[in-house]
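To keep things clear, I will list the structure first and then write my remarks on it.
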Ligand code: ADP
């Protein structure tokens, strides 16, 4: 699906704008990273897309449908955050099936279909046989793979990832990055990743949007950004990493 973010503005408590007329198009099936220093508005922009934050002005258009006023639940987006946010009292299978169980009755798959879908996803994340385990019995990397499976279970229209790797150590982070990219390509879901880590953004994304003070400073493929940084800010930000 193609997402158009059109001139979105957001401020908190009358302070200066965190997002100001921010526009961005995320192409169908692409993996886009929002990269920028801390405080540049990445999470706020992602939260506007997810529906957790309402912008003061601007529009969001998904494949031609204006979703600006659609509630977060009705957008049917998959989300993965830095802290795993798995339900601790639910086993892995129930965690993955959670989004399916709370779907509108008209769309909700039957119990047998849900079980089948969970098995399919466990295979996709290389965790066949882990359905009965509880989050406390898993490693950090495994928990994030379960969080990915839970996000994908609902066949989301968009996948939104907010620093999903940052709580993990370097080796696990690297492995998880590869498996997230692999999953995303197999499913073909349009994906937005928020990160402040240049190597991560460049290593995983088709295109990288560099944010500065609430605006998109430059957007391009990793090669384009490296070869032609559009401003001293981009150049120094990329060099500093
Ligand atoms: P990033 O994800 O790039 O680190 P954020 O979107 O989290 O940036 O934050 C951008 C700016 O907005 C920061 O100055 C932050 O303090 C402010 N901000 C974010 N969320 C809130 C909020 N709920 N209330 C007040 N200010 C906020």
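Numbering (the UniProt record's numbering), first residue to last: 1 to 241.
Ideal placement from N, C-alpha and C gives every residue a C-beta, glycine not left out.
All of these numbers come straight from a predicted model, not from anything done at the bench.
Query raised in the report: For ligand 1, which residues count as neighbours when the test is a C-beta closer than 5 Å to any heavy atom?
Result: With 5 Å as the limit, the residues whose C-beta approaches any heavy atom of ligand 1 more closely are 12, 18, 38, 39, 40, 41, 42, 43, 44, in sequence along the chain.
**Report entry** Nearest-angstrom Cβ-Cβ length linking residue 85 and residue 204, presumed shorter than 8 Å
**Finding:** Their Cβ separation, rounded to whole angstroms, is 21 Å, which puts residue 85 and residue 204 out of contact at 8 Å.
Query raised in the report: According to the Cβ coordinates, are residue 218 and residue 194 closer than 9 Å?
Result: Against a cut-off of 9 Å, the Cβ pair of residue 194 and residue 218 comes out as no contact.
Query raised in the report: Would you say residue 77 and residue 156 are within 9 Å of each other, going by their C-beta atoms?
Result: yes
**Report entry** Close Cβ partners of residue 230 (< 6 Å) along its chain, the five nearest in sequence each way excluded
**Finding:** Cβ within range, chain order: 218.
Query - 3 or more residues per run - each beta strand (DSSP E) lying fully within the stretch 10-92 - result: With a minimum length of 3 residues, the unbroken runs of beta strand (DSSP E) contained wholly in the stretch 10-92 fall at 19-26, 31-35, 57-62, 77-81.
**Report entry** Cβ shell of residue 100 (< 7 Å), same chain only, five flanking positions each side left out
**Finding:** 108, 109, 114, 117, 153, 154
Report task. Output yes or no for whether 9 Å exceeds the beta carbon distance between residue 196 and residue 38. Result -> yes
Requested in this report: Please confirm whether residue 79 and residue 151 have their CB atoms less than 9 Å apart.
Outcome: yes
Query raised in the report: Considering only C-alpha positions, which residue in the set 223, 47, 119 is nearest to residue 8?
Result: 47
Query - Member of 35, 56, 49, 3 whose CA lies at the smallest distance from the CA of residue 15 - result: 56
Report task. Determine, using beta carbons only, whether residue 226 and residue 200 come nearer to each other than 9 Å. Result -> Between residue 226 and residue 200, the gap from beta carbon to beta carbon reaches 9 Å or more.
Requested in this report: Measure the Cβ-Cβ separation of residue 207 and residue 221 and say whether it is below 9 Å.
Outcome: Yes, the Cβ-Cβ distance between residue 207 and residue 221 is below 9 Å.
Query raised in the report: When you compare only the Cα positions, how much space is there between residue 183 and residue 91?
Result: 22 Å
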